[in-house]
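Below is one structure, written out as structure tokens, with a few remarks after it.
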Amino acid sequence: SQQGEEDPQALSIQEGENATMNCSYKTSINNLQWYRQNSGRGLVHLILIRSNEREKHSGRLRVTLDTSKKSSSLLITASRAADTASYFCATAPMDSSYKLIFGSGTRLLVRP
Amino acid sequence: GAVVSQHPSRVICKSGTSVKIECRSLDFQATTMFWYRQFPKKSLMLMATSNEGSKATYEQGVEKDKFLINHASLTLSTLTVTSAHPEDSSFYICSARTLGGSSYEQYFGPGTRLTVT
Chain A
1 SQQGEEDPQA
11 LSIQEGENAT
21 MNCSYKTSIN
31 NLQWYRQNSG
41 RGLVHLILIR
51 SNEREKHSGR
61 LRVTLDTSKK
71 SSSLLITASR
81 AADTASYFCA
91 TAPMDSSYKL
101 IFGSGTRLLV
111 RP
Chain B
113 GAVVSQHPSR
123 VICKSGTSVK
133 IECRSLDFQA
143 TTMFWYRQFP
153 KKSLMLMATS
163 NEGSKATYEQ
173 GVEKDKFLIN
183 HASLTLSTLT
193 VTSAHPEDSS
203 FYICSARTLG
213 GSSYEQYFGP
223 GTRLTVT
């Protein structure tokens with residue numbers, strides 16, 4: 001399969017709690033990106049982390065990357081009901097022509 | 113920010129007909145556009161990579177005669193689903209990469225939901 005795996009597949013938390021999503025991939029990468037998708041909509045780019053970076057922050061988002069384990073995590077702190085969406089990791093393989101390979105996604109539900 | 117539009121947003125067609133979906137970069141030039149397919153509650157599967165002025169590169173298992181891609185200009189790519197069948201019903205999403213951009217970031221369109229009856 002060209003896709004990576006994400007876990008959990010679905011996550012339900014209370015507003016204010018933190019949400020952690022994990023992504024594993026298979027090939028050597030140039031970078032890894034996280035995207036958000038609201039139901040039936042297009043994707044919104046959240047954050048990009050390069051293969052030589054280990055951690056990156058953007059607002060309430062924190063992303064880590066462990067290239068030795070071929071894994072990444074996305075942490076959303078102090079979640080809000082508006083964070084309810086599906087979250088996908090996407091890797092840019094080293095030998096690609098800028099294409100992205102998407103993970104299976106995590107459906108996050110933040111209960112108000 | 114960079115905006116990508118898709119038209120139509122929804123289309124219903126009868127089995128055997130062809131459907132064209134447009135993907136436009138509205139405020140930037142895109143050397144490369146990508147077409148993805150997404151089944152309900154599933155991830156995006158890359159179908160093909162489209163470069164302006166050249167033939168599209170299709171992913172393994174994607175029928176190029178079934179899914180015709182034309183990238184005629186730096187702001188427009190089209191996907192035509194030929195002789196559509198119910199199993200072609202899906203959410204089709206395009207994305208675009210900026211001209212000369214060093215980032216691997218792609219800008220995604222809002223998607224087109226195709227239903228074949």
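Chains as they are written, first to last, in my numbering: chain A, 1 to 112; chain B, 113 to 229.
Every residue, glycine too, gets a C-beta built ideally from N, C-alpha and C.
Does B/R122 have its Cβ less than 7 Å from a Cβ in chain A? no
Which two residues bound the contiguous beta strand (DSSP E) that contains B/K132? V131 to S137
Name the DSSP beta bridge partners of A/T20, please? A/L75
Does the Cβ of B/F151 have 16 or more other Cβ atoms within 10 Å, making it buried, or fewer, making it exposed? exposed
Contact set for B/R209: own chain, Cβ-Cβ below 7 Å, skip 5 residues either direction: A142, T143, T144 and Q218
Can you name the residues of chain B whose CB is closer than 8 Å to the CB of A/S104? K154 and S155
What residues from chain B crowd round A/H45, counting only those whose CB sits closer than 7 Å? E217
CB contact check: A/G59 to chain B, cutoff 7 Å: no
Cα-Cα separation between A/N38 and B/I124, rounded to whole angstroms: 22 Å
Around the Cβ of B/D200, are there at least 16 other Cβ atoms within 10 angstroms (buried) or fewer (exposed)? buried
Would you kindly report the start and end of the unbroken beta strand (DSSP E) that includes A/A10? A10 to Q14
Would you kindly work out how many angstroms separate the C-alpha atoms of B/T224 and B/S121, rounded to a whole number? 4 Å
Length at least 3, wholly inside the stretch 171 to 221 of chain B: the beta strand (DSSP E) runs in chain order: 179 to 185, 188 to 193 and 202 to 210
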